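Novice: Structure in structure tokens, see below.
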Amino acid sequence: MKNLVLIIFSTILLSSCNDQLDIAPKSNLELGNFFATPEDFDLALTGAYDPIAVHQGDRGFGTYFKGLLMMGRAGTDEMYVNQGFWDATGKEIGNYTFTSFSRIPSAVWQLQYIGINRCNVLIDKIKNTSVSMPEATKQRILGEASFLRAFYYFQLARFYGGVPIITEDTNLNEFRNIRSSLSDTYDFIINDLKVAEENIPVINEPGRATKYAAKTYLAKVYLQMSGEPLKDQTAAAKAAAYAKDVIDNGPYDLEPNYEDIFKLDHEHGVEYIFSAEYIATDLEGGEVATWDGPPGNYTYTISYSICRAMPELYNSYTPGDVRRDHNIVDYVVIDADGNTQPTNDGNYYAYKWRHDPNPATRGYATEWQSPFNFPLTRFADVLLMYAEAQCRADGSPNADAYTAINRVRTRAGLGNLSGLSGPAFLQAVLDERKWELCFEGHRWVDLVRYGKLIEAVRASSTGNPIAAANIKDYHVLFPVPDREIQVSGGDLEQNPGYLAN
């Protein structure tokens, strides 16, 4: 996290959560001795945030450094993975050739449970502590730990379906639990988010969850429940209510200029609600602006062009939409002044985040040191969530739903929508999310919620014919890692379609 001292949390705190390392479990006495001051609890909380963005070693394949950066974006109709990329892990996601043994789905599963276990320890200790601290501090720590546990379970639910629920310190190398239903998993997430909503302040330290971040994620959870596969009609109204609360009462707004959202000096600005946080150090850098970007001289672009924009996405933008040419380019940066020249290769490149082309003023030197945050949710996302949720709840859009979507469109330089039927309005929202939020990790779960993932990928055969040929109906979920099934002694059930892997 930015502006926080990073603690190597697992070697100090986690008793039996040894992250698949051969480390002797810490005793309860050692854990009790660690939580001796309010500062100890905050250090533990810092460690609980770490699985969102950590990049060290294999763990980076389970976080928004690499793994989740891929799973929410690649293999959709907005982005594909360069087939010349040497690392097969990313191509497996983009090409739908992953299996229950694949690195990224396995690492994502494991890292979410590491985060959950850290939260379990912290929640238990803060509830039962005798350490003297202000009640507000105790409530904040409980709220943030509950938010994070819900966040990690939400990643699991969206990508894998119903998962085992653990609420206490658990040895993940002897994990024999069984899967909860998807409904029960979401119910657990909602309960944790409501604890967070009640206990986290409206304003918190930069990079940490807030009361309105918890409300935003409640809207996200209910919205996902309202679509495929649960199609919970009552959840849509709840999603709309939470999103409307954030819109009307939260401390957020749209940035006046779309391109400003993705500048380094705006990433804790008025539009960002919750992000994967990075700083330019050997331990904390990110790669969001490096896996994306145009090819060319690495000195100026710091780009590998691994994740590329679909030509179908570029061509889908309405003429005059200011977002297109900021999000997608067909040129390369040629000097430290930022001058460009056409690539003339027929490819389009995701370029939402732009490194300073001048190494002398950039402040960091290598691709793994990128300080760009990855926005997990921002205010435009909430506006579009509200528009979708209200229409799902009532069957047709009301005036507030039109106001919400048109605020996003107005900033993009587009005219207002009006007079659409319910299905047409929902499609308009899905399209608007694609144009507004592309490359931010929403598209895969959006298409799954709408029941349109298979259709959309097969229609994008120009940009990624391999994915279009390979995708199957069961790819609306990722596989439960084979390792976890083996560790469980067979208690964990595999998702349909992956049993033969």
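Take the sequence shown: its position 277, counted from the start at 1, is 277 in full-length UniProt numbering, and no numbers get skipped. Glycine included, each C-beta is placed from N, C-alpha and C at the ideal position. Here the structure is a predicted model, which means the values were calculated and not measured.
Between which two residues does the alpha helix (DSSP H) holding V108 run?
Specialist: Counting along the chain, the alpha helix (DSSP H) containing V108 begins and ends at R103 to N128.
Novice: Within the same chain, show all residues whose beta-carbon is closer than 8 Å to that of R140, passing over the 5 residues directly before and after it, in chain order.
Specialist: So the list reads N199, I200, P201 and N204, once near-sequence residues are dropped.
Novice: What residue ranges within the region 256-333 form continuous alpha helix (DSSP H) runs of no fewer than 4 residues, ordered along the chain?
Specialist: Fully enclosed alpha helix (DSSP H) runs of 4 or longer: 288-291, 298-301, 311-316 and 324-327.
Novice: What's the call for I178, buried or exposed, on a 16-neighbour Cβ count within 10 Å?
Specialist: With fewer than 16 other Cβ atoms within 10 Å, it is exposed.
Novice: Does the region 59-73 come within contact of the region 107-115, defined as at least 3 CB pairs closer than 8 Å?
Specialist: At 8 Å Cβ cutoff, the stretches touch.
Novice: Mind checking T76: buried by the 16 CB within 10 Å criterion, or exposed?
Specialist: Buried, by the Cβ-count rule.
Novice: Taking T137 as the reference, give the member of L230, C119, P38 and S226 with the closest Cα.
Specialist: Answer by Cα proximity: P38.
Novice: Tell me the DSSP secondary structure of residue 552 in three-state form.
Specialist: Residue 552 is absent from the model: the chain starts at 1 and stops at 501.
Novice: Tell me the residue span of the alpha helix (DSSP H) that contains Y386.
Specialist: F379 to D394 is the extent of the alpha helix (DSSP H) around Y386.
Novice: Three-state secondary structure (DSSP) at S146?
Specialist: Residue state, collapsed to three classes: helix.
Novice: Run the CB neighbour count on K66, radius 10 Å, all protein chains shown included, and call it buried at 16 or more, exposed below.
Specialist: The residue is buried, with at least 16 neighbouring Cβ atoms inside 10 Å.
Novice: Have a look at E455, P357, E432 and R323 and flag the residue whose alpha-carbon is nearest the alpha-carbon of N257.
Specialist: Minimum Cα distance to N257 is reached at R323.
Novice: Could you pull the start and end residues of the alpha helix (DSSP H) that M71 belongs to?
Specialist: Note, M71: alpha helix (DSSP H), G67 to M71.
Novice: Under a three-way DSSP split, which group does V131 fall into?
Specialist: In the structure shown, V131 sits in coil (DSSP, three-state: anything other than H, G, I, E or B).
Novice: Considering only their Cβ atoms, is the gap separating S146 from residue 525 smaller than 8 Å?
Specialist: Nothing about residue 525 can be read from this structure; the chain reaches only from 1 to 501.
Novice: Quick check on G419: buried or exposed, where buried means 16 or more other Cβ atoms within 10 Å of its Cβ?
Specialist: Exposed: under 16 other Cβ atoms inside 10 Å.
Novice: If you follow the beta strand (DSSP E) that A350 is part of, which residue opens it and which one closes it?
Specialist: From DSSP, the beta strand (DSSP E) with A350 extends over Y348 to A350.
Novice: Within its chain, find whatever has a CB closer than 6 Å to the CB of Y222; leave out the 5 residues flanking it on each side and keep chain order.
Specialist: Closer than 6 Å at Cβ, skipping near neighbours: A235, K238 and A239.
Novice: Spatial neighbours of V121 within its chain, please: CB distance less than 6 Å, with the 5 preceding and 5 following residues excluded, ordered by chain position.
Specialist: Excluding sequence neighbours, V121 sits near D169.
Novice: Around the C-beta of residue 513, are 16 or more other C-beta atoms found within 10 angstroms, so that it is buried, or is it exposed?
Specialist: Because residue 513 is not part of the residues shown, which for the chain are 1 to 501, the question remains open.
Novice: Within its chain, find whatever has a CB closer than 8 Å to the CB of A428; leave out the 5 residues flanking it on each side and keep chain order.
Specialist: Cβ within range, chain order: I405, L417 and L420.
Novice: Suppose contacts are defined by Cβ-Cβ distances below 8 Å. Is I93 in contact with M79 by that definition?
Specialist: For I93 and M79, no; Cβs fall outside 8 Å.
Novice: Given 8 Å as the limit, is there contact between the region 336-344 and the region 433-442, that is, 3 or more CB pairs closer than that?
Specialist: The region 336-344 vs the region 433-442: no contact.
Novice: Just verifying my parser: in three-state terms, what is the DSSP assignment at S370?
Specialist: Three-state result, S370: strand.
Novice: Can you give me the C-alpha to C-alpha distance between A467 and V108, rounded to a whole angstrom?
Specialist: In a straight line, the C-alpha of A467 is about 21 Å away from that of V108.
Novice: Do you know offhand how far F35's Cα is from R149's?
Specialist: So the alpha carbons of these two residues sit roughly 19 Å apart.
Novice: As a quick exercise: from R378, T299, N470 and D184, pick the residue whose alpha carbon is nearest that of V246.
Specialist: With distances taken between Cα atoms, V246 lies closest to R378.
Novice: Tell me, please, which residues DSSP counts as bridged to Y80.
Specialist: Partner(s): R308.
Novice: Closer than 8 Å by C-beta to I471: which residues in its own chain qualify, once you throw out the five before and the five after it? Chain order, please.
Specialist: Contacts found: G75, Y96, L453, I454, V457 and R458.
Novice: Alpha carbon to alpha carbon, how far is D431 from M385? Give it in angstroms, no decimals.
Specialist: Distance between the alpha carbons of M385 and D431 is about 12 Å.
Novice: Count the other CB atoms within 10 Å of the CB of A365; is the residue buried (16 or more) or exposed (fewer)?
Specialist: By the neighbour-count rule (16 or more Cβ atoms within 10 Å), A365 is not buried but exposed.
Novice: Nearest-angstrom Cα distance between Y300 and P357?
Specialist: Taking the straight line from one Cα to the other gives about 4 Å.
Novice: Is the CB-CB distance between C119 and A48 below 8 Å?
Specialist: Yes, these two residues count as a Cβ contact at 8 Å.
Novice: To the nearest angstrom, report how far apart K91 and W368 are at their CA atoms.
Specialist: Going by the C-alpha atoms only, they are around 20 Å apart.
Novice: Can you look up Q139 in the DSSP assignment and give me helix, strand or coil?
Specialist: Residue state, collapsed to three classes: helix.
Novice: Is L376 helix, strand or coil by DSSP?
Specialist: In the structure shown, L376 sits in a strand (DSSP, three-state: E or B).
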